[in-house]
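**Student:**
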Amino acid sequence: MLLFGFLSIPYEFQWSVLWQAPYDTWLMDGLLMTLKISALSWVFAILLGILFGALRTVPFRPLRALAAAYVEFFRNVPLLVWLFFWYFGAPEVLPEPIRQWLIHHGMEFWSGVAGISVYHGARMSEVIRAGIQSIPKTQLEAGLSSGLSVSQTYRLIIIPIALRLILPPVTNESLNLLKNSSLAMTIGVAELTFATRQIETYTAKAFEAFTAGTLIYLTLCLSIAYVMNRVERKFAIPGLIARAERAEH
Amino acid sequence: MKRSGVFLVIAMLIFSLPGISAAEPTLEKIKRTGVFTVGTRTGSPPFGYINKKNEWVGFSIDLAQLVHKNIEKKLGQPVKFELKESTPATRIPLLSSMAVDLIAGTMTDTRARRESVDFSLTFFVTGAQFMVKKGSPIRGVKDIVGKRIGTQQGSTNERALRERYPQAHLIVFQDQPSAFTALTQGKLDAYTNDGIQLWGLKYKAPNPDDWEVVGEWYTYEPYGMAMRKNDSNFRQVVNVALMEAIEGGEYFKLYDKWFGPKSETPYPLSPEAKTFLMMEVVPK
Amino acid sequence: MVILSNAEFLLLQGLLGIGIFAGGTLRLAIPSIFGGFCLGVILGLARLARRSWIHYPAAVYIEFIRGIPLVMVIFWFWFLVPVFLRRPVPEYWVALTAFVCFEGAYIGEIVRAGIQSVPRGQIDAATATGLGYVQTMWHVILPQAIRNMIPSLVTQFIVLFKDTSLASIIGMMDLTKAAQTISQRELRPFEMYIFIAVVYWIFTYSMSRFSRWLEIQMSPERATSS
Numbered sequence: 005m006l007l008f009g010f011l012s013i014p015y016e017f018q019w020s021v022l023w024q025a026p027y028d029t030w031l032m033d034g035l036l037m038t039l040k041i042s043a044l045s046w047v048f049a050i051l052l053g054i055l056f057g058a059l060r061t062v063p064f065r066p067l068r069a070l071a072a073a074y075v076e077f078f079r080n081v082p083l084l085v086w087l088f089f090w091y092f093g094a095p096e097v098l099p100e101p102i103r104q105w106l107i108h109h110g111m112e113f114w115s116g117v118a119g120i121s122v123y124h125g126a127r128m129s130e131v132i133r134a135g136i137q138s139i140p141k142t143q144l145e146a147g148l149s150s151g152l153s154v155s156q157t158y159r160l161i162i163i164p165i166a167l168r169l170i171l172p173p174v175t176n177e178s179l180n181l182l183k184n185s186s187l188a189m190t191i192g193v194a195e196l197t198f199a200t201r202q203i204e205t206y207t208a209k210a211f212e213a214f215t216a217g218t219l220i221y222l223t224l225c226l227s228i229a230y231v232m233n234r235v236e237r238k239f240a241i242p243g244l245i246a247r248a249e250r251a252e253h
Numbered sequence: 004m005k006r007s008g009v010f011l012v013i014a015m016l017i018f019s020l021p022g023i024s025a026a027e028p029t030l031e032k033i034k035r036t037g038v039f040t041v042g043t044r045t046g047s048p049p050f051g052y053i054n055k056k057n058e059w060v061g062f063s064i065d066l067a068q069l070v071h072k073n074i075e076k077k078l079g080q081p082v083k084f085e086l087k088e089s090t091p092a093t094r095i096p097l098l099s100s101m102a103v104d105l106i107a108g109t110m111t112d113t114r115a116r117r118e119s120v121d122f123s124l125t126f127f128v129t130g131a132q133f134m135v136k137k138g139s140p141i142r143g144v145k146d147i148v149g150k151r152i153g154t155q156q157g158s159t160n161e162r163a164l165r166e167r168y169p170q171a172h173l174i175v176f177q178d179q180p181s182a183f184t185a186l187t188q189g190k191l192d193a194y195t196n197d198g199i200q201l202w203g204l205k206y207k208a209p210n211p212d213d214w215e216v217v218g219e220w221y222t223y224e225p226y227g228m229a230m231r232k233n234d235s236n237f238r239q240v241v242n243v244a245l246m247e248a249i250e251g252g253e254y255f256k257l258y259d260k261w262f263g264p265k266s267e268t269p270y271p272l273s274p275e276a277k278t279f280l281m282m283e284v285v286p287k
Numbered sequence: 023m024v025i026l027s028n029a030e031f032l033l034l035q036g037l038l039g040i041g042i043f044a045g046g047t048l049r050l051a052i053p054s055i056f057g058g059f060c061l062g063v064i065l066g067l068a069r070l071a072r073r074s075w076i077h078y079p080a081a082v083y084i085e086f087i088r089g090i091p092l093v094m095v096i097f098w099f100w101f102l103v104p105v106f107l108r109r110p111v112p113e114y115w116v117a118l119t120a121f122v123c124f125e126g127a128y129i130g131e132i133v134r135a136g137i138q139s140v141p142r143g144q145i146d147a148a149t150a151t152g153l154g155y156v157q158t159m160w161h162v163i164l165p166q167a168i169r170n171m172i173p174s175l176v177t178q179f180i181v182l183f184k185d186t187s188l189a190s191i192i193g194m195m196d197l198t199k200a201a202q203t204i205s206q207r208e209l210r211p212f213e214m215y216i217f218i219a220v221v222y223w224i225f226t227y228s229m230s231r232f233s234r235w236l237e238i239q240m241s242p243e244r245a246t247s248s
C-alpha cells in the first residue's frame, strides 16, 4: 500500500469519476451487456455441449467421429480468431436478406454470441463427455438387473449421478465463458471491459477505471463460484469419489 | 467465508493506494535510458502505417525523427529511436505510464486533453468527415440520424458524435482497420474519422473509387504531438524541432512526400493552412 | 493468392517473431510457460504451506487472477509495468510478464493438485527415514508429483498458446495481429483468418495428441504400481 508512495508516478487519483454521470451508466450498461452476451452464449454452449458430449459416447461410429471433429475443430483455435472470423468472415457467405437483417439487428452481438457459444460448446462437450464416461458401467448394469427399465435406470440413477459429476467442471467452464466474453469488445460489443476502457479514454483515469472493471469481474466470478460450491456440497453423494478431473483445454 | 475474505483483502489493497504526483523530466529520462520512444499509429495512412513492404512509415514518424535529431543535438549524445503502437484509447496511458515519451500520430489538440497532457505546435489541420460507399445517401453530419456509424474507441469524433448527435447509432471499434473492414462489408453505413485519415484510407483501399469522403468538417482537428505535462524543457526541444523544420523547408519537403500530387494520398496544403503553419514559427 | 504473398510475414513475424517488430507467438509462448511453471511451483508449494502468512497471500493471488479475464490482466500490466520500471517497455515484455503472472496462478493450482495426488504415505515414509522438509520435497514428492502433472501441464501450455492471441490487443505483433495488419491492407479477412486458424490448429492439435500419448504412457504405469 505504501509502495506507490515513493515511486513518484505522474498520476492523480480521482475515484469520483466512477460514479459521475455518464460514466456510471456506461459501467452499468457494460455490465448488463456482459451478462446478456454471457447468459445467451451459455445457454447455447450448454445445449451444444450436451448434444456433442452425448454424441461422443454413443455406440455408432460415424456420429462419434462427427462429434469428435466438431470438438477438435473449434476448440483448438483461439477464441479471438473465431470472433474475428464470425464477424468479418462468416457473415459474408450468408444470403443477402439474412445478412441485412442481422446488420440491422446488432450483428456485433450475434457474431459474439455465435463465436463464444460454438467455442465454449466444444469445451463443454469435452467436460460433459468425460463426466458421462466416468460413470462406472456397473451402475447401468446394477440398475437393469434390479428390474428397472433402461429409461428408468437413466432417469433415476445415471443422470442424477452424471449431473453431480459434471457440476464442478461445468461451473469452471461457465466462469471461463463469462471471462472470455470480454473478447467481444474487439468486434464492437460494448461490454464491461469495453466500458472500462471507454471511461479511461474520456477521463484518462486508467487506474480507477480498470479497478472498477476488475472488482466487478471478481465479484461476479467469486460469488458464482461460491454459490456453486455450496450447491455441489449440498447435493454431493457421499462415497462417489471418482470425479471427472481431466483437465480440458 | 474464505472467498469473501479473499475478496475483502483484494478490495482493501486496491483502495488503500494513495495519490501521488511529480515525475522525472523527459529529457533526463531520455538521457538516463538512452532511448527516445515515440507512440504512433500502425493503421492510419499516411501518418503512421505499415506499407506494402511491411515497413512502419509515415508523416508523423518522419516528423518525430526530426524531433529525435534535435534531442540528440540538445543532449549531446546518441539516442536510440523507438516506435511503439498507440491508438486513441491507449495513448494517454502510454504517456502517463512513461511507456512512451511523445505521441506523434493523429492526436487532436483539445482543451480537455490539455488537462492531462501538453501539446506541441500544431503540425497538421483537418476536420472530421465521413467515409461512405460511393453513391450513399449520407452526405454530411445531418444525414446520420439512426444510421450505423463506425468510430474508434477514444477518438474525438466518437466523443463529438456522442455528445451532439446521440440519435446516430454508434458502433465502436478498437482500431481503424476493423472499422473500415466493417464498412466495406456493409455492416456500417458510414465511418467517421478526421478527413485526412479517411483520404489516406481511401487511397490505400484496393478500389479507391468505390469510396467517397463526404461532409463538411463537423469538428476542427488540429494535430499536435502530445507529451507529459509540465515538462517545458522537453516541450521546447520538440517545438524548436518543428519550427526549424517549417522555417528551413524540411517540413514542406516531408509534406510533399506524403501529401503532394505524386504521393499516394494527395491533399493540397491550403493557403490558410500554410500561413498558419508559418506563423507558428516565432522569431529566434 | 493473398495468403501466399503474405505467408512469409505471417509466419516469420507473427509466429516466430523474426523481423522489425519484437513479437512472435512462439517467442511469447515458450518463455511464458517456463516462467509460469517456476512461478506456479512456488505458488503451489506456498498454497500447501501450513503457515498462514505463506499460504494466504498465495491463495489470494491465485483467486484474484482466476477471477478476472486475461484481457484485464494484460491491461493492468500494460499500464503498471512501465510505471514501476520508470522506462518504456516493449509490448513483448509487458505481454510476457502478464502471461507469466497469469499462467503462474493456474499452474499453481495444477502443482497443488499434483502434489496432493502423491500418496500421503510417501511423506510419512520420508519423514520416518529422517529427511527434512526440503529434502522430502525435492527428492521424493516433487519428482512423483511432476510425473502426475505432466498431462495437465501440456494442456495448460495449449491454453497458453491460444491465449497469446490476446497479446495482439495491446499491439504485440503475434500471429493474430499479423493477420489483422495484412487483412486491413488487403481487405481479405476471410482468407487471413482461416489461414491463421489453420496454423493455430496445427500446433494445438499436435500438442493435444502429444498430451494424449503422454497420458497413455503414464496410465499403464500407474495401474501396475499400486
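Protein chains in written order, with my numbering: chain A, 5 to 253; chain B, 4 to 287; chain C, 23 to 248. Here a beta-carbon is modelled for each residue, glycine too, at the ideal position from N, C-alpha and C. Please read all numbers here as calculations on a predicted model, not as lab measurements.
1. Under 7 Å Cβ to Cβ from TYR206 (chain B), same chain only, skipping five residues before and after it: list those, please.
2. Identify, in the order they occur along the chain, each residue of the same chain with its Cβ nearer than 8 Å to the Cβ of TRP100 (chain C), setting aside the five sequence neighbours on each side.
3. Please report the residue range of the alpha helix (DSSP H) in which ALA248 (chain B) lies.
4. Rounded to a whole number of angstroms, what is the C-alpha to C-alpha distance between THR159 (chain B) and THR111 (chain B)?
5. Would you list the residues sitting across from PRO314 (chain B) in a DSSP beta bridge?
6. In chain order, what residues of the same chain have a beta carbon less than 7 Å from the beta carbon of ASN236 (chain B), not counting five sequence neighbours either side?
7. What in chain B is Cβ-close to ALA210 (chain A), meaning under 9 Å?
8. Anyone know if the C-beta pair for MET94 (chain C) and THR218 (chain A) falls short of 8 Å?
9. Let me check understanding here. Comparing Cα to Cα, which of B:GLN156, B:LEU164, B:GLY198 lies closest to SER181 (chain B)?
10. So what does DSSP say about TYR206 (chain A), is it helix, strand or coil?
11. Out of curiosity, what's the CA-to-CA distance linking TYR194 (chain B) and GLN104 (chain A)?
12. Do we get a CB-CB distance below 8 Å when we pair ILE228 (chain A) with the residues of chain B?
13. Do VAL120 (chain B) and LYS232 (chain B) come within 8 Å of each other at the CB atom, strictly closer than that value?
14. Look up TRP114 (chain A) in the DSSP assignment and give the residues it is bridged to.
15. Give me whichever residues DSSP pairs with SER47 (chain B) in a beta bridge.
16. Would you say TRP98 (chain C) lies against chain A (beta-carbon separation less than 8 Å)?
17. Report yes or no: is there a C-beta of chain A within less than 8 Å of the C-beta of PRO274 (chain B)?
18. Closer than 7 Å by C-beta to ALA251 (chain A): which residues in its own chain qualify, once you throw out the five before and the five after it? Chain order, please.
19. Given a limit of 9 Å on CB to CB distance, which residues of the stretch 92–105 of chain A reach chain B?
20. For a cutoff of 8 Å on Cβ pairs, would you count VAL162 (chain C) as touching chain B?
21. Using a 10 Å radius around the Cβ and a threshold of 16 neighbouring Cβ atoms, would you call MET32 (chain A) buried or exposed?
22. Check the Cβ-Cβ distances between GLU75 (chain B) and every residue of chain C, and say whether any is below 8 Å.
23. Do you know how far the Cα of GLY227 (chain B) is from the Cα of MET321 (chain B)?
24. Within 8 Å, do at least three Cβ pairs link the stretch 35–48 of chain A to the stretch 99–119 of chain A?
25. At 8 Å on the CB atoms, spell out the chain B contacts of SER205 (chain C), in chain order.
26. Which residues of the stretch 197–219 of chain B have a Cβ closer than 8 Å to any Cβ of chain C? Give them in chain order.
27. Can GLU161 (chain B) and ASP197 (chain B) be called in contact, C-beta distance under 8 Å?
28. So, is ILE174 (chain B) buried or exposed, given that buried needs 16 or more other C-beta atoms within 10 angstroms?
29. Could you tell me the alpha carbon to alpha carbon distance between LEU83 (chain A) and LEU191 (chain B), rounded to whole angstroms?
30. Hey, TYR83 (chain C) and LEU67 (chain C): beta-carbon distance below 8 Å or not?
31. Counting Cβ pairs, one atom from each stretch, are 3 or more of them under 8 Å apart for the stretch 124–133 of chain A and the stretch 186–199 of chain A?
32. What does TRP223 (chain C) reach in chain A if we use C-beta pairs closer than 9 Å?
33. Give me, in chain order, the residues of the same chain whose beta-carbon lies closer than 7 Å to that of LEU144 (chain A); leave out the 5 immediate sequence neighbours on both sides.
34. Ends of the beta strand (DSSP E) at LEU187 (chain A)?
35. Once the 5 residues before and after ALA71 (chain A) are set aside, which same chain residues still bring their CB inside 6 Å of it?
36. Can you list, in chain order, the residues of its chain with a C-beta nearer than 6 Å to that of THR186 (chain C)? Leave out the 5 residues immediately preceding and following it.
**Tutor:** So, from the data block:
1. GLU267, THR268
2. GLU113, VAL116, ALA120, ILE192
3. 235–251
4. 7 Å
5. As displayed, chain B neither begins before 4 nor continues past 287, which places residue 314 (chain B) out of reach and without an answer.
6. PRO28, LEU30
7. ILE95, PRO96, SER99, SER100
8. yes
9. B:GLN156
10. helix
11. When only Cα atoms are considered, TYR194 (chain B) and GLN104 (chain A) end up about 18 Å apart.
12. no
13. yes
14. According to DSSP, TRP114 (chain A) bridges with nothing at all.
15. B:GLY51
16. At least one C-beta of chain A is nearer than 8 Å to the C-beta of TRP98 (chain C).
17. no
18. Bear in mind that a pLDDT of 40 at ALA251 (chain A), under 50, signals an unreliable position, so the model cannot answer this.
19. When C-beta distances to chain B are compared with 9 Å, the residues of the stretch 92–105 of chain A below that value are PHE92, PRO95, GLU96, ARG103, GLN104, in chain order.
20. Residue contact check for VAL162 (chain C) against chain B: no CB pair falls below 8 Å.
21. Classification for MET32 (chain A): exposed.
22. no
23. For residue 321 (chain B) there is no data in the structure shown, the boundaries of chain B being 4 and 287.
24. yes
25. PRO180, THR184
26. Of all residues in the stretch 197–219 of chain B, LYS207, ALA208, PRO209 have a Cβ within less than 8 Å of some Cβ in chain C.
27. no
28. buried
29. 24 Å
30. With contacts defined as CB atoms closer than 8 Å, TYR83 (chain C) and LEU67 (chain C) fail to qualify as a contacting pair.
31. The stretch 124–133 of chain A is not in contact with the stretch 186–199 of chain A.
32. GLU76, PHE77, ASN80, VAL81
33. THR157, ILE162
34. Careful: LEU187 (chain A) lies outside any beta strand (DSSP E) and carries neither H nor E.
35. Excluding positions up to five away in sequence, the list reads PHE56, LEU59, ARG60.
36. THR47, LEU50, ALA51, ASP196
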